[in-house]
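Below is one structure, written out as structure tokens, with a few remarks after it.
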Amino acid sequence: MVGRITAVVFSTRFVRDHKKLDAVQRAAVAGCIEDLYLDPIPEARRFHLLNPKRAGIYSVDLFSGKTTHKITLTITDGIATFRRVDTHAAIDRSP
Amino acid sequence: MSATTLHAGLAGLTIEHARRFEQHSRDGARRVGFVTKVLRFAFAPIDFLCGMLDRQTLRMKDQAVWFNGVRASIEGGAELSDSQGVTSADMIAELEKLQQVIRDVRVTFLKLEAQVKPTSRIGQRTRGLIAALGEVFDAVEGARWAALEREADDDIAAGRVSPTFANAADAIAYLNANA
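Top line first, the protein sequences correspond to chains A and B. Counting from 414, one number per residue, gives the positions in the first sequence under our numbering. Counting from 3, one number per residue, gives the positions in the second sequence under our numbering.
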């Protein structure tokens, strides 16, 4: 598990990505940050490994239960470094 | 030769490849659309159309492999920018454009699928092609996210990060102040 998060840091890319979001998406980012400080983190915030080859980088869906946007972050010694927030583009594979 | 030298200018190479792929995809969809119209008047081109669909499916599967390779190369540390000023941002923009082309081409084939019997040869092949378009779309998305993550790596390695926030309110206030 990711353990308790006690502090957060944003990459400048994340701050730049955040500027491009609309009000609803920004509110969702704020909700995500608030949830990550909770102990335990709500189960709805599921952490996924971004890539098995890149241990320690997680992705979290911006909207619980929807995969339209995702945030990527690393967690080291309780400090979450927010890396990116962007769309998670997908198309239906079984029309 | 180091991996970095071998892959110098991956962004430029990917952009060039993506543009060619966009053109081929549009041309392929146009040809299939034309043959589909001819089909209304004659049965002869069915084999021809099946062949076209098979070739398109193979092309999409090949492209999925290619873009998965781009993703693996980026994750393996390949250099993205080149001496001609092509950057990862250019590459990301081109990949997003390509994703829209794939969506458009997919709509063309969804329309074709709706016109034919699901059990027919053309129906089966069209479904295969639609699935292959999904594969290549995901591969492009993987390459796009690999480039996005590379940019984040570069920022963090260069110390381009915000202050550390010990509570959510301060963190959110910082983001809103920079919005």
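Where a beta carbon is used, it is the ideal one built from N, C-alpha and C, also for glycine. Computed from a predicted model, the values in this text were never measured in an experiment.
*Decide if residue 496 of chain A is buried, meaning its Cβ has at least 16 other Cβ atoms within 10 Å, or exposed.*
As a working mapping, residue 496 of chain A is identified with position 83 in the first sequence. Buried.
Using only the alpha-carbon positions, how far apart do residue 169 of chain B and residue 449 of chain A sit?
Taking the first residue of the second sequence as 1, we reach residue 169 of chain B at position 167. Taking the first residue of the first sequence as 1, we reach residue 449 of chain A at position 36. Distance between the alpha carbons of residue 169 of chain B and residue 449 of chain A is about 10 Å.
Query - Nearest neighbour of residue 159 of chain B, chosen from A:424, A:419, A:418, A:433 [CA to CA] - result: Counting from one through the second sequence, the residue named residue 159 of chain B turns up at place 157. Nearest C-alpha to residue 159 of chain B: A:424.
**Message:** Run through the DSSP bridge pairs and tell me what residue 114 of chain B is partnered with.
**Reply:** Locating residue 114 of chain B in the second sequence gives position 112, counting from the first residue. Looking at the DSSP assignment, residue 114 of chain B forms no beta bridge with any residue, so it has no partner.
* Who are the Cβ neighbours of residue 19 of chain B in its own chain at under 8 Å, not counting the five residues just before and after it? -> For this step, residue 19 of chain B is matched to residue 17 along the second sequence. The answer, listed in chain order, is 68.
*Within 9 Å (strictly less), CB to CB, does residue 19 of chain B reach chain A?*
What you label residue 19 of chain B is simply residue 17 of the second sequence in a count that begins at 1. Answer no: the Cβ-Cβ gap between residue 19 of chain B and chain A never drops below 9 Å.
Applying the 10 Å Cβ sphere with the 16-neighbour rule, what's the burial state of residue 5 of chain B? Here residue 5 of chain B refers to the residue found at position 3 when the second sequence is read from its first residue. Caution is warranted here: a pLDDT of 42 is assigned to residue 5 of chain B, below 50, making its placement in the model unreliable, and no coordinate value can be reported.
Check whether the Cβ atoms of residue 58 of chain B and residue 34 of chain B lie closer than 9 Å to each other.
The residue you call residue 58 of chain B lines up with position 56 of the second sequence. The residue you call residue 34 of chain B lines up with position 32 of the second sequence. Yes. Within cutoff.
In terms of alpha-carbon separation, which member of B:161, B:13, B:172 lies closest to residue 85 of chain B? For the purposes of this step, residue 85 of chain B is taken as the residue at position 83 of the second sequence. B:13 is the residue among B:161, B:13, B:172 whose C-alpha sits nearest the C-alpha of residue 85 of chain B.
_If the criterion is Cβ atoms closer than 9 Å, does the pair residue 70 of chain B and residue 134 of chain B meet it?_
Walking along the second sequence from the start, residue 70 of chain B turns up at place 68. Walking along the second sequence from the start, residue 134 of chain B turns up at place 132. Their beta carbons are not under 9 Å apart, which means residue 70 of chain B does not touch residue 134 of chain B by this criterion.
If we define contact as Cβ-Cβ less than 9 Å, is residue 29 of chain B a contact residue for chain A?
Counting from 1 along the second sequence, the entry for residue 29 of chain B is found at position 27. In terms of beta-carbon proximity, residue 29 of chain B stays away from the interface with chain A, with every pair separated by 9 Å or more.
* **Whether residue 485 of chain A touches residue 470 of chain A by CB criterion (9 Å)** => Locating residue 485 of chain A in the first sequence gives position 72, where the first residue counts as 1. Locating residue 470 of chain A in the first sequence gives position 57, where the first residue counts as 1. Cβ distance < 9 Å, so residue 485 of chain A and residue 470 of chain A count as in contact.
**Asked** Can you check whether the CB of residue 28 of chain B is closer than 9 Å to the CB of residue 98 of chain B?
**Response** Counting from 1 along the second sequence, the entry for residue 98 of chain B is found at position 96. Counting from 1 along the second sequence, the entry for residue 28 of chain B is found at position 26. Result no, Cβ atoms of residue 98 of chain B and residue 28 of chain B do not sit closer than 9 Å.
If residue 51 of chain B sits next to residue 124 of chain B, beta carbons under 8 Å apart, how far is it from one beta carbon to the other, in whole angstroms? Stepping through the second sequence from its first residue, residue 51 of chain B is reached at position 49. Stepping through the second sequence from its first residue, residue 124 of chain B is reached at position 122. Correct: roughly 6 Å between the Cβ atoms.
Practice item. May I ask you to report which of helix, strand or coil DSSP gives residue 501 of chain A? Key: By 1-based counting over the first sequence, the position of residue 501 of chain A is 88. In this structure, residue 501 of chain A counts as coil in the three-state DSSP scheme.
query = Which residues, in chain order, does the segment 100–111 of chain B contribute to contact with chain A at a C-beta distance below 7 Å?
reply = 101, 105, 108
Original post:
To the nearest angstrom, how far is it from the Cα of residue 426 of chain A to the Cα of residue 132 of chain B?
Top reply: Sequence index remark: in the first sequence, residue 426 of chain A carries index 13 (1-based). Sequence index remark: in the second sequence, residue 132 of chain B carries index 130 (1-based). Looking at the two C-alpha atoms, the distance is approximately 34 Å.
Q.
Tell me the rounded alpha-carbon separation between residue 161 of chain B and residue 155 of chain B.
A. Looking up residue 161 of chain B in the second sequence gives position 159. Looking up residue 155 of chain B in the second sequence gives position 153. Those two C-alpha atoms are separated by around 10 Å.
Quick one, which of A:463, A:416, A:433 has its alpha-carbon nearest residue 177 of chain B's? As a first step, residue 177 of chain B must be located in the second sequence, where it is residue number 175. It is A:433 whose Cα lies nearest to the Cα of residue 177 of chain B.
Flag residue 50 of chain B as yes if its beta-carbon sits less than 9 Å from any beta-carbon of chain A, otherwise no.
The residue you call residue 50 of chain B lines up with position 48 of the second sequence. Judged by the 9 Å Cβ criterion, residue 50 of chain B is not in contact with chain A.
task = Given a cut-off of 9 Å, decide if residue 62 of chain B and residue 149 of chain B are closer than it, judged by their beta-carbon atoms.
result = Start at 1 with the first residue of the second sequence, and residue 149 of chain B comes out as number 147. Start at 1 with the first residue of the second sequence, and residue 62 of chain B comes out as number 60. Not closer than 9 Å, so no.
With 8 Å as the limit, tell me which residues of the segment 158–170 of chain B have their beta carbon closer than that to any beta carbon of chain A; keep them in chain order. 158, 162, 163, 164, 165, 166, 167, 168, 169, 170
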